[in-house]
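Below you'll find the structure, written out as structure tokens, and then a few comments.
In my numbering, the protein residues as written are 7 to 144.
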């Protein structure tokens with residue numbers, strides 16, 4: 007089983023226990039990856055959540071830094087940091103990549119680390135169908 011990188015909204019729903027938005031099969035796949043130490047969250051997702059929270063588009067159950075620490079605490083969840091290779095890859099993506107900078111970083115992270123990106127984002131899913139990144143549609 008490949009490691010799994012959670013898109014920002016999937017991470018939010020998973021960390022908040024929002025099982026209405028994540029079907030049981032999706033939660034099982036995420037839990038399996040976590041148990042195998044193969045569950046990743048990108049640092050860009052922390053940035054994106056902060057921006058969305060500041061704009062009032064996302065509600066968090068605690069202040070951002072506290073929320074992030076709690077959401078990353080369970081064993082088996084690793085933070086994928088941003089590095090020069092990932093930054094460069096985000097600008098060199100083949101085909102017609104997503105216009106959103108956070109999604110470009112997520113795709114680049116999945117490509118550099120050779121992991122599956124779990125998402126519901128239609129544009130990312132279509133990009134995956136074009137063969138540019140491995141995607142798990144949740």
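Glycine included, every Cβ here is placed at the ideal spot set by N, Cα and C.
Predicted model only: the values in this text are computed from it and were never measured.
Whether residue i touches residue j by CB criterion (8 Å)
i: residue 47; j: residue 83; result: yes
i: residue 9; j: residue 121; result: yes
i: residue 108; j: residue 22; result: no
i: residue 119; j: residue 95; result: no
i: residue 144; j: residue 28; result: yes
Spatial distance of residue i from residue j (CA atoms)
i: residue 80; j: residue 127; result: 25 Å
i: residue 102; j: residue 39; result: 29 Å
i: residue 16; j: residue 138; result: 20 Å
i: residue 65; j: residue 52; result: 14 Å
i: residue 70; j: residue 106; result: 21 Å
Nearest residue (CA-CA) to residue i, options the options
i: residue 14; options: 49, 37 and 31; result: 49
i: residue 72; options: 98, 56 and 19; result: 56
i: residue 87; options: 97, 68, 100 and 112; result: 112
Residues that DSSP places opposite residue i in a beta bridge
i: residue 135; result: Partner(s): none; residue 135 has no beta bridge.
i: residue 84; result: 46
Exercise. Counting only runs that start and end within the region 36–82, where is the alpha helix (DSSP H) found for 4 or more residues in a row?
Worked result: Complete alpha helix (DSSP H) runs here, min 4: 49–60 and 70–78.
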